[in-house]
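One structure below.
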Amino acid sequence: MAPDSFLNTDIDPRIVHGYCLYWSKELGISEDDVFNIIWMWEFEGRHITKEKYDAHCETVLNREEMK
1 MAPDSFLNTD
11 IDPRIVHGYC
21 LYWSKELGIS
31 EDDVFNIIWM
41 WEFEGRHITK
51 EKYDAHCETV
61 LNREEMK
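According to the UniProt record's numbering, the sequence shown is numbered sequentially starting from 1.
This is the structure we're talking about:
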């Protein structure tokens with residue numbers, strides 16, 4: 001279950017899951033580890049916004065298209 005900080009934002013849980021899934025594959029670590037990093041960022045006030053996530057997805061898509 002997502003920590004309260006996620007539940008109190010406009011972030012869709014599916015976005016959080018997608019973000020965790022992408023970075024777990026990219027970094028070769030578990031989704032739980034990625035989630036814990038995000039949770040730590042949230043605790044420090046470095047929030048992951050929908051805009052940041054969308055920009056991240058666009059970067060990934062552009063990188064895939066260049067292959």
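All residues carry an ideal CB built from backbone N, CA and C; glycine is no exception.
- If you draw a straight line from the Cα of Y22 to the Cα of D33, it comes to about 12 Å.
- The three-state secondary structure of S24, taken from DSSP, is helix.
- In the three-state scheme derived from DSSP, where H, G and I count as helix and E and B as strand, I29 is classed as coil.
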